[in-house]
Amino acid sequence: MNQNSLLSTSDEEFRCFSINQYFENKKFCHNRVINSKYTLWNFLPLIVFYHCRRFMNAYFLIVGFLQLWHTVSPVNPLTTWIPILVIFAITFIREGIDDFKQHKLDKRINHRKYKGVKNGRIAIFKSEEFEVGDIIILNENTECPADIVILSSSNIDSSCYIETATLDGETSLKERKSISLTQNLSENELSLLQFVIKCNHPNPKIYDFNGEITQIDGNGTFNQKNVICSENFIPCGAQLKYVDYIVGIVCYTGHETKLGMNQQNPQIKWTFIEKFINKSSTFIFIVQVLVAILAGCLAFYFERTTTRYIPYLRFDLGQDLPDKYSWVILIIRCFLLTTTMIPISLKVTIDVCKFIYGRLISYDIKMKDFGANNSHNINTNNTNTNNMSGINATVNNSSVIEDLGSIEYLFSDKTGTLTENVMNFKKLSIENHFFGHSNDYDDLRLDESFKDAIRSKTPNIINVIYCLLLCNTLKFRTNNEIYGSSPEEVSFLKTLLELEFQISQTGNTIRISSPHLNFDETIFEVILVLPFSQERRRMSVIVRNMKTNEFYLFLKGATDAIENVCSNIYHGYKQQKNTFASQGLRVMSLAVRTLNENEVNQVCMSLEENRVNSASQESIYIEFESNSTLLGCVAIEDKLQTRIPETIEILRNAGIKIWMVTGDILLTAINIAYSSHLVTNDGIFIKIELPKNIILNENNSENNNLINNINCVSLKDVLDNVESYVNSIKNIKPYYIGIDGNYDQLLNEHKKQFMDIVLDAKSVICARVSPRTKAELVKCVQQQRKATLAIGDGGNDVPMIRAAHIGVGIIGHEGLLASNASDFSISKFCFLQRLLLIHGRYSNYRTAWLTQFCFYKSTIMSLIQLAFMLMNGFSGSTYFNSFNLMCYNAIFTLLPVIFFLQDKDIEESTVLLHPYVYNDSQKKIYCNGRTLAWWYIKGVYQAIILSLISFTHFNKEYYNNLDGNTASLDEAQQATYSALIFIVVLTVTLDTQHFTVLNLIFIWGNWVLYVFLTTIANCVFNVEMVKEMYGVMWRLMADPVNWIIIITMVSAAIFPPYIIQVMINTLTPSRTQILRIREIERESRYQPVYLVNNRHDDTKYFDESFHKKTHWDKSTSFLASCKYCRDICKKNKYDEKQLP
């Protein structure tokens, strides 16, 4: 690219803006960060729109409006509208609070203060106030709030370093340079001068930036100009390192930044149980409509055939429609009579429970990081903090909590999520020698043989020392602090300094010595640095020994990249490399080449001629580095976070498949995968390098050999070969997949075949993945009807976190972007096991139960209403009075349901010891068509029992024993209603596995509350809603016979279904029920719920193979379950011992 190329192009191809031209640059977007869903103005319409898309919410609004039509409404409209308004208000308030908290987080980010120049004025501005063309001054360790071009740097060599871990996951520092045209100008001078910048239009490619800057004199004519490129560019979210300050010009803002274009808008997430509720409600609605049509037709027939016999009932009064359309009114009345079949309390019940689930997560002390600095956590909903320092888990989106129990695929970032970014130079191999790798020494710094080798001045040892100390981009600050673009290089230098090497740097001159190791001082002049590139995957440096005037080229980089340029490889090198890699260490190779002065001069001239052509420069580097001599390899330890291998093992035993998606290179990702036990030696590792070759490598501790090497022409050929091989081994041993590119084709043209291959893999490692591709990978797996969770700690993980069903952010060193954009935030990866296996599984179990229970209790009431139509000539009149209808779901059956959220089907310790029980919630065992059908069967039976006994007892021949009067409809419905409330309380009690004081208080206290409120209502006669209750409870409870009838109804309704359920659980228990029985046995002996005793071989219970999956763990089909129970009964009839 020459210097006139950009100015000659049209403005349509490039963005053009001026520095210090405030009003001209107003056309570009603002720099405000927005992670919230709503604003003050669109909150109400948007939230109503989103919630009305859910069938249940739209259904209740329609019912509410129909109740306002007094002709068809069988009850007071307030019985419907009061619960609707209360429930919607609670939901809106909860979501409003969540979004308000997100607004406060956004405000914290947008109100960060930076010094800058706007419209010629130097002042302190908020980050959201910066616009394109503004000048900004950034200090060291501050995060860049927009995409900028560096105008000047405080460093003499015009350099600075940035850390882009929040963008691409790489913690290695990257060097940046200021523009030579503006390097020596201060901010005051820059604020007075005029410059025009032409650059690319906004795009999501993080490292794609080209343009030019031109100075304009006072007459408006172009003066000097400079080409600018990615070397002068700092993206939003990058952190400034090793410079006092820089001055930059803002070129992209807001959603047009590299970070912004790789993010997605927040989405409204629906959980799997909510989708199940929606489908169930739709089905029930269809049934309800059919029942209403049938009952309405019968009512219409009854009215037409009996009107002439009972004219005093005056069916003709109060009709809003002509007589021929009266059937419409009857159908609508029957429809409204059964609207309780879809429980109106379900939504508010779930919302309240989700809020409490969120508090349980936030206050879980076992998920609190006491060693972390909570200064990083700017989350304003930090109500979960207490006097003990540390960082708690945070719930940003309580709507999706129960989906924590359904995760099947986990997508994890590498850097900062699995690792701590702490590099340690551990081992070294040179020719046939290992250093820092023996029974006596496991660290290079402790190995005396290495020190002896240095003292002996072996040539290769000396060259290795020179290579490690010279082949880097490190610099020293005035306080001798080391800084540079690579943490590996820093670890090399720190280790050698600990070995008492002395190094000093003055300009391009470097002095190396070590009197302690008899290493004489050597002075080198750095001639040229051939920088690291992703294509070459290595770097090199040309130096001159100033004492001998000899020239050397030292190289270091990825093992295969160094091997490709070495003329010979010494025997045993590959074994050394594999030995280090098998220990999960990051391996790099070293090489050297001796040069003459003519070669050095020639390469310098060639590079100067191609200064602006990066492709040509890369070709020159590759040619010049050829024919080098391999020196050896080094091993660096990248420390994992605490308990990473154990956590991954537990999650894998829970049936969760884990994918590592990282922007780092595949080799590094594989090393971390081995050290974290994400990849183990129990199967085949299939490393796919696209499009050239595919390498199938069997990782076995005894046989680590190459299985196959297939050269392919196209990506389709690669996938065909992989699929064929995978199908041949799938049932024999597990396999792992490694991917290194061509994601656009894999996720589009070959998506189905690609998904068939990777979904069955034990783990998948995806390297060199852009933020957008991370999100696309998650979406592709979701399209296969799989529940996904994404976890990361940087801005580059935000698209993936938002795309997944559950997004988890790590609060760490890489900022708060991921944490703020996630549904949940934690400080360590290991907390994920408790978040999923304990909180996720329990919340899924509890929500599944209360969802089906709400349908069940509403069905009983609706069926009793329908049964009453047989007694009232299909008039569509209600059996229960308005007060009872309003209080049934809103008060009398609400508290026992909500406090069921304290229940546990098995104890926490049992879940953690048997992580495979996570399959219960993962495979929807708790909530499916079969379980819902059982609830409905029980509800239909109990409704029939209550109706038969009530209608039989309270007939026309029944007389009140106290005054001789016939019992009225009011007493009959109140007796039935009392029995119904008691049935609800007993059902909750019998289904509870884990009793607490609060459970008992609110379950049985609810019955006391019912008696108390109905007695109060019994005394009020002048209030519209309760006047039908006046005197009813006195007349009902005064007669002992009514108490007997209520007890009879409850006993006949509760015990037969309960006995059947007990028999099924006893004869064919699920794995979880077996474990619960074992817990009860321990508790009965006053022992811990899970006491491990090696003498009795209790450890066998930990193995999943000991607890084989039963029918109830495998199937959710109702018909299959009926057949299974029938087969069990047949076996029991002939041979009781054959029972499983």
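Mapping of the sequence shown onto UniProt numbering: residues 1 to 1140, in sequence order. Even glycine gets a Cβ: it sits at the ideal position worked out from N, Cα and C. As the structure is a computational prediction, the values presented were derived from the model and not from experiment.
| query | result |
| --- | --- |
| G248 (DSSP reduced to helix, strand or coil) | strand |
| For K174, the first and last residue of its enclosing alpha helix (DSSP H) | Run containing K174: none in the alpha helix (DSSP H); it sits in the beta strand (DSSP E), 174 to 177. |
| Spatial neighbours of L1075 in its chain, beta-carbon cut-off 6 angstroms, leaving aside the 5 residues before and after | I906, T910 |
| Per DSSP, the bridge partner or partners of residue 1160 | Lying outside 1 to 1140, the shown extent of the chain, residue 1160 is not represented and no answer is given. |
| Cβ pair I650, Q833 closer than 8 angstroms | yes |
| From N184, R511, H839, residue whose alpha carbon lies closest to that of T394 | H839 |
| Buried or exposed by the 16-neighbour rule on C-beta atoms within 10 Å, applied to N396 | buried |
| A761, DSSP secondary structure in three states | coil |
| Those residues which DSSP pairs with E163 across a bridge | Q239 |
| Pairwise C-alpha distance: A943 and I293 | 21 angstroms |
| Proximity of A238 and T164 at Cβ, strictly below 8 angstroms | yes |
| Within 8 angstroms, strictly: CB atoms of I622 and S606 | no |
| Continuous beta strand (DSSP E) stretch holding I898: start and end | Note, I898: premise wrong, no beta strand (DSSP E); alpha helix (DSSP H) at 895 to 898. |
| Ordered list of beta strand (DSSP E) runs contained in the region 68 to 120, each at least 3 residues | 113 to 118 |
| C-alpha gap between F272 and D403, whole angstroms | 7 angstroms |
| First through last residue of the beta strand (DSSP E) which encompasses A581 | Not the beta strand (DSSP E): A581 falls in the alpha helix (DSSP H), residues 573 to 582. |
| 4-residue-minimum alpha helix (DSSP H) runs that sit fully inside the region 886 to 956, ordered along the chain | 895 to 898, 908 to 913, 919 to 922, 929 to 953 |
| Cα-Cα separation, W327 to T878 | 18 angstroms |
| DSSP-derived helix/strand/coil call for G254 | helix |
| Touching by the beta-carbon criterion (3+ pairs, under 8 angstroms), the region 914 to 922 and the region 1005 to 1022 | no |
| Counted within 10 angstroms of its Cβ, other Cβ atoms place K26 as buried (16 or more) or exposed | exposed |
| Where I34 sits in the DSSP three-state scheme | coil |
| Beta-carbon proximity of R593 to T629, cut-off 8 angstroms | yes |
| Minimum C-alpha distance to S429 - residue among I1016, I636, V543 | I636 |
| Validate contact between the region 62 to 77 and the region 846 to 857 using beta carbons, cut 8 angstroms, 3 pairs | no |
| C-beta contact flag for L259 and C236 at 8 angstroms | yes |
| Start and end residues, alpha helix (DSSP H) containing H51 | 43 to 52 |
| Segment contact flag, the region 657 to 667 with the region 753 to 763, C-beta cutoff 8 angstroms, min 3 pairs | yes |
| Burial state of W935, where buried means 16 or more other Cβ atoms lie within 10 Å | buried |
| L585 vs N671 beta-carbon contact at 8 angstroms | yes |
| Cβ-Cβ separation, V348 to T91 (assumed contact under 8 angstroms), whole Å | 7 angstroms |
| Euclidean distance between Cα positions of P645 and H677 | 5 angstroms |
| Exposure label - N387; buried when at least 16 CB within 10 Å | With a pLDDT of 42 at N387, under the threshold of 50, the modelled position of that residue is not reliable, and the figure given next carries that caveat. Result: exposed. |
| Endpoints, beta strand (DSSP E) assigned at S825 | 824 to 826 |
| Stretch-stretch touch, CB-based, cutoff 8 angstroms, three pairs: the region 593 to 604 with the region 431 to 441 | no |
| 8 angstroms Cβ cutoff met for I342 and S858 | yes |
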